[in-house]
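Per our numbering, the sequence shown runs over residues 343 to 759.
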Amino acid sequence: MNKIVINGSGKLNGTLSVNGAKNSALPILAATLIAEGEYSIDNIPDLKDIRTMIKLLETFGLKAEKTDDHSYKITNSGVKDIEAPYELVKEMRASFVVMGSLLAHVKKARVSLPGGCAIGTRPIDFHLQGFEKLGAKIVLDHGFVTAEAVELVGARVKLPFPSVGATQNILMAAVKAKGETTILNAAREPEIDDLSSFLNKMGANISGIGTDELKIQGVEKLIPCKHSIIPDRIEAGTFIIASIINDGDLEIQGVIKEHLKGFIKKLEKMGVEFEFNNDRLKIKADLEKLKPVKISTEPYPGFPTDLQAQTMVLLSLTNGKSELKETIFENRFMHVLELNRMGAKIKLEGNKASINGPVDFIGAEVSATDLRAGAALVLAGLVADNTTIVNEIQHIERGYEDLVERLQSVGAKISKQ
Ligand code: EPZ
């Protein structure tokens with residue numbers, strides 16, 4: 343089954359619970375390479391990318407036991423191999439984040455160079471520059487990158503851009519380096535904070551968490567720990583948009599307001615009201631009265647690039663002309679062509695999209711090109727007249743566990759074929 347079939351669904355009602363964050367679980371699972379012993383980690387989403395990371399850890403000699411749908415017991419009784427094979431890294435470029443933890447533990451790592459993907463070339467130069475600053479020697483050969491160090495020594499690493507992956511990789515490489523490492527212009531995404539608190543639970547000494555300057559005092563030894571992954575703010579944002587565009591009366595559980603502040607601020611400017619009761623959220627919005635808005639994606643705490651595609655559906659249903667600039671990735675507008683085929687009126691000019699609304703989405707056969715573009719097409723299908731068929735749903739299933747079943751549970755006319 344590789345298609346999702348959606349009919350215009352009208353009002354959605356009920357409760358949607360947010361799963362654990364894929365983009366936090368991946369680096370935290372990679373961090374289990376750093377110290378020997380037994381880890382228990384829960385609130386891990388049951389996704390293909392997670393299963394790929396688990397396969398990768400097993401390649402290195404770790405044991406992984408799934409203790410329930412969303413929990414794993416990971417046993418590290420010594421790293422047996424240091425090479426991340428092409429076939430796994432090809433499946434998931436985020437595998438590259440094992441480089442830092444392998445360097446920390448065995449001072450050597452050999453990882454197949456992650457390719458680019460639909461949204462951009464996705465280079466890893468900042469990661470490699472950071473490893474070199476810490477004393478690693480980098481060799482590129484036959485499509486692999488090998489990093490090796492006699493000793494890792496703390497250093498001052500200034501990132502040219504607050505890269506999430508580079509911050510995670512350098513952070514992990516630094517936890518056992520001799521002396522102090524400072525990462526300047528560090529990414530501040532909640533997933534970085536979650537990784538930092540996981541590493542500190544292991545005995546690392548990281549300060550400045552939540553700021554753009556992370557200080558890491560190298561320690562001799564780290565030990566395993568227990569941890570629960572933070573909720574997925576991007577899944578939460580996707581459900582928030584589903585509720586607004588379907589005149590919904592949804593309650594969304596597991597939303598941390600702080601993690602979505604850039605997104606919430608823009609939607610409040612449009613006239614959306616957010617009623618939080620701890621981590622339970624209800625949204626009030628009259629679609630006809632929402633105002634157009636100008637948005638530019640930015641590193642956290644700005645508007646997240648991972649909610650750009652989904653937000654375009656909302657802006658297409660909003661009265662007036664909105665603007666959305668994509669400043670993080672160089673090619674993250676593939677969903678626009680498909681949304682326009684469904685009746686959207688979106689014009690592109692470089693990295694800026696002008697969105698005229700409101701439009702009536704018309705069902706069509708479309709294809710997902712990447713994870714968040716796929717989610718946007720599902721959202722448009724929920725409000726379109728007649729039937730929408732979304733192909734290439736493997737992209738969607740990388741980031742949203744049981745999306746069809748969960749949307750069905752709140753009244754969406756959606757199924758997999
Ligand atoms: C993470 O990717 C997320 N993926 C992405 O989510 C997210 O969009 C992105 O951060 C930005 O928030 C995971 O966490 C697995 P970056 P990452 O390094 O770490 C450039 C999703 O939908 N750059 O912050 O790869 C890069 O090309 C995915 O869940 C360099 O030039 O993102 C991009 O333009 C998509 N050199 C910008 O920085 C480098 O060495 C941001 O990339 C590294 C990055």
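All C-beta atoms in this analysis are idealised placements derived from N, C-alpha and C, irrespective of residue type, glycine included. As the structure is a prediction and not an experimental result, all values here were calculated from the model.
Item, Value
"Burial state of lysine 518 (16 or more Cβ within 10 Å)", "buried"
"Rounded separation between leucine 404 and serine 419 - CA only", "7 Å"
"Any non-hydrogen atom of ligand 1 within 7 Å of histidine 469 CB", "yes"
"Cα-Cα separation between threonine 357 and serine 585, rounded to whole angstroms", "10 Å"
"For histidine 677, the three-state DSSP class (helix, strand or coil)", "helix"
"Under the three-state DSSP convention, the category arginine 393 falls into", "helix"
"Whole alpha helix (DSSP H) elements within the stretch 349 to 400, 4-residue minimum", "364 to 373"
"Helix, strand or coil at histidine 484 [DSSP, three-state]", "coil"
"Residue from Lys563, Ile670 and Leu649 whose Cα sits closest to the Cα of lysine 603", "Leu649"
"Rounded distance between the beta-carbons of valine 732 and glutamine 345, thought under 8 Å", "The sequence shown places lysine at residue 345, rather than the glutamine named in the question. Indeed, because the Cβ distance is near 7 Å, the residues count as touching under 8 Å."
"Residues that DSSP places opposite threonine 660 in a beta bridge", "According to DSSP, which records beta bridges pairwise, threonine 660 is partnered with nothing at all."
"Those residues which DSSP pairs with glutamine 595 across a bridge", "Ser359 and Arg622"
"C-alpha gap between lysine 557 and lysine 449, whole angstroms", "20 Å"
"Threonine 509 to leucine 713 span [Cα, whole Å]", "22 Å"
"Opening and closing residue of the alpha helix (DSSP H) in which valine 746 lies", "745 to 750"
"Range of the contiguous alpha helix (DSSP H) that encloses asparagine 527", "No alpha helix (DSSP H) contains asparagine 527, which DSSP labels as neither H nor E."
"Environment of glutamine 736 [buried if 16+ CB atoms lie within 10 Å]", "exposed"
"Residue from Glu378, Val725 and Ser757 with nearest C-alpha to leucine 354", "Val725"
"Residue from His412, Val439, Phe540 and Gly705 whose Cα sits closest to the Cα of isoleucine 424", "Val439"
"Whole alpha helix (DSSP H) elements within the stretch 411 to 477, 4-residue minimum", "428 to 433, 440 to 448 and 467 to 475"
"For glutamate 630, the three-state DSSP class (helix, strand or coil)", "helix"
"Three CB pairs or more closer than 8 Å across the stretch 525 to 541 and the stretch 482 to 492", "no"
"Heavy atom of ligand 1 within 7 Å of phenylalanine 473 beta-carbon", "no"
"Heavy atom of ligand 3 within 7 Å of alanine 651 beta-carbon", "Among the ligands in the structure shown, ligand 3 does not appear; only ligand 1 can be found there."
"CB-CB length for glutamate 610 against isoleucine 637, believed under 8 Å", "About 13 Å separates the two Cβ atoms, so there is no contact after all."
"Whole-number beta carbon distance between threonine 647 and phenylalanine 671, since they are thought to touch under 8 Å", "6 Å"
"Environment of threonine 580 [buried if 16+ CB atoms lie within 10 Å]", "buried"
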